[in-house]
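With the sequence shown counted from 1, adding 22 to any position gets you the UniProt record's numbering.
Ideal Cβ positions, reconstructed from N, Cα and C, are used throughout, including at glycine.
Model, not experiment: these values are computed from the prediction.
Have a look at the structure below, then the notes.
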Amino acid sequence: AIAARTRALVKTYGRGDAQVRALDGVDLEIEQARLTAIMGPSGSGKSTLMHCLAGLDTPTSGEVSVAGISLGSLEDNALTRFRREHVGFVFQAYNLIPTLTARQNVLLPLELANREPDWRRFDQLVEVLGLADRLTHRPPELSGGQQQRVAIARALLSSPDVVFADEPTGNLDSRSSAEVLGFLRRSVDELGQTVVMVTHEPTAAAYADRVVLLRDGRLAGTLVRPSADDVV
Ligand code: ADP
Ligand code: ADP
C-alpha cells in the first residue's frame with residue numbers, strides 16, 4: 023500500500039532572476055511499512071521534499087497526499103491538525119527537554135494534546151528501542167544515540183501514518199549512528215512503522231528498503247534494497 027505520494031511536485035523560492043527551483047516535478051510514491059531514504063547532494067531538494075510531504079511547507083504546484091489526505095486542500099488549521107494526527111518528526115537535534123525524564127519526554131506530546139497514550143504501544147516502543155533501563159534518566163545522562171532513541175519513541179507513540187526523520191544521525195558518531203539506524207529499521211520490521219529519512223550518510227542506505235536519489239530538484243533514480251557501496 024502507498025503511505026504518501028507526490029505528483030508533479032514543484033517548489034520555487036524567490037522570484038525573477040533570483041528564483042530557485044528547489045523541486046522541479048517530483049513524482050514519488052512512499053510505500054507503507056518501509057524505510058525510505060531520500061539522498062542526494064547538498065542543495066538537491068531533500069529537505070524541501072520532506073517538508074512538503076510532512077505538511078511543513080506548501081508546494082508551488084503539484085500534489086501531495088499522505089494517508090489518503092490531499093494536503094493541497096487543507097487550510098492552515100487543518101494542516102496543523104494533519105501534522106499532529108498523522109505524522110511524526112525526528113530531528114538531528116533531539117529536541118528533548120533536559121529537565122524531564124526520558125519517559126516524561128516520550129509522553130509529553132500526548133499529554134500536551136490531552137490524549138491518553140496507548141500503553142501497549144508505549145511498552146512495545148520501549149522494548150523495540152531498548153529503552154527499558156533508561157526511562158528514569160534525564161537527557162544529559164544519556165548518550166547521543168540514546169537521546170535519539172527517546173526522540174524516536176516520542177515520534178512513534180501516537181502511531182503516526184508516517185514518521186519523517188531529518189538527518190537523524192547527523193549529530194552522532196558512527197557507532198551511535200549505526201545503533202539509531204538499526205532501531206529505526208526495527209521499528210519498521212517489528213511495528214510496521216512507515217519511515218521517511220533524509221540523510222547524506224552513505225552507510226544509512228544499507229538500512230533502507232528504498233533509496234530515492236535527488237539531483238537538482240529532480241528524481242535521479244531509486245535503489246531498492248541498496249548497499250552502502252551503491253551511493254558513495
Ligand atoms: P537539501 O536538503 O538537499 O540540501 P534543500 O531542499 O534545503 O536541499 O534546498 C534546495 C534548494 O532550495 C537549494 O538551492 C536551497 O538553497 C534552496 N532553498 C531551500 N530553502 C530555501 C528558502 N527558504 N529560501 C530560498 N531558497 C531556499
Ligand atoms: P528550514 O529551517 O529547513 O528552512 P522551516 O523554516 O520550514 O525549515 O521550518 C523550521 C523547522 O522547524 C523545520 O525544519 C522543522 O525542523 C521544524 N518544525 C516546523 N514545524 C514543525 C512541527 N509542526 N513540528 C515539529 N517541528 C516543526
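Fill in: Anticipated Cβ contact below 8 Å, P120 with P161, distance rounded
Position 98 of the sequence shown, counting from 1, holds the residue named residue 120. Position 139 of the sequence shown, counting from 1, holds the residue named residue 161. About 5 Å; that satisfies the 8 Å criterion.
Practice item. Run the CB neighbour count on E163, radius 10 Å, all protein chains shown included, and call it buried at 16 or more, exposed below. Key: As a first step, residue 163 must be located in the sequence shown, where it is residue number 141. Exposed: under 16 other Cβ atoms inside 10 Å.
Check: Hey, would you say L235 sits closer than 8 Å to T244, going by beta carbons?
Finding: As a position in the sequence shown, residue 235 is number 213, starting the count at 1. As a position in the sequence shown, residue 244 is number 222, starting the count at 1. Taking 8 Å as the Cβ cut-off, L235 and T244 qualify as a contacting pair.
request  = Thinking A175 and L213 are a contact (beta carbons under 8 Å), I'd like their distance in whole angstroms, please.
outcome  = Translated into the one-based positions of the sequence shown, residue 175 becomes position 153. Translated into the one-based positions of the sequence shown, residue 213 becomes position 191. Incorrect: roughly 11 Å between the Cβ atoms, too far for contact.
Original post:
Less than 7 Å between the CB of T70 and some heavy atom of ligand 1, yes or no?
Top reply: What you label residue 70 is simply residue 48 of the sequence shown in a count that begins at 1. Correct: T70 has its Cβ closer than 7 Å to ligand 1.
**N- and C-terminal bounds of the beta strand (DSSP E) containing I60** = In the sequence shown, residue 60 corresponds to position 38, counting from 1. Taken as a continuous stretch (DSSP letters only), the beta strand (DSSP E) holding I60 covers L57 to M61.
- Item | Cutoff 6 Å; reference S199; Cβ partners in own chain excluding five residues on either side | Counting from one through the sequence shown, the residue named residue 199 turns up at place 177. Around S199: T191.
Practice prompt. Count the CB pairs spanning the region 98-108 and the region 64-82 that are closer than 8 Å, and state whether there are at least three.
Written response: yes
Checklist line | Ordered list of alpha helix (DSSP H) runs contained in the region 175-241, each at least 4 residues | finding: 196-213
query: Looking at the unbroken alpha helix (DSSP H) that takes in S69, where does it start and where does it end?
result: Along the sequence shown, read from residue 1 onward, the residue named residue 69 stands at position 47. From DSSP, the alpha helix (DSSP H) with S69 extends over K68 to L75.
- By Cβ distance below 7 Å, which residues in the same chain neighbour E223 in space, the five residues on each side in sequence not counted? Residue 223 sits at position 201 when you count from the first residue of the sequence shown. So the list reads T191 and S199, once near-sequence residues are dropped.
Self-check item: Separation of E97 from H108, as counted between CA atoms
Solution: Within the sequence shown, residue 108 is the residue found at index 86, counting from 1. Within the sequence shown, residue 97 is the residue found at index 75, counting from 1. Approximately 16 Å between the Cα atoms of the pair.
Measuring alpha carbon to alpha carbon, tell me which residue in S92, L57, D155 and K33 is nearest residue 16.
Because the chain spans 23 through 254 in this model, residue 16 falls outside it and cannot be assessed.
- request: Drop a sphere of 10 angstroms on the beta-carbon of Q215, count the other beta-carbons inside from all chains shown, and report buried for 16 or more, exposed for fewer.
  value: Residue numbering aside, residue 215 sits at position 193 when the sequence shown is read from its first letter. Classification for Q215: buried.
Quick one: does the C-beta of G77 sit closer than 7 Å to a heavy atom of ligand 1?
One-based indexing of the sequence shown puts residue 77 at position 55. No; taking the cut-off as 7 Å, the Cβ of G77 has no heavy atom of ligand 1 nearer than that.
- Task: Measure the C-alpha to C-alpha separation of Q126 and G38 and round it to an integer number of angstroms.
- Result: Translated into positions along the sequence shown, residue 126 becomes position 104. Translated into positions along the sequence shown, residue 38 becomes position 16. Distance between the alpha carbons of Q126 and G38: 49 Å.
Would you kindly work out how many angstroms separate the C-alpha atoms of A226 and D140, rounded to a whole number?
-> Taking the sequence shown and counting its residues from 1, the one referred to as residue 226 is at position 204. Taking the sequence shown and counting its residues from 1, the one referred to as residue 140 is at position 118. Using only the alpha carbons, I get a separation of about 30 Å.
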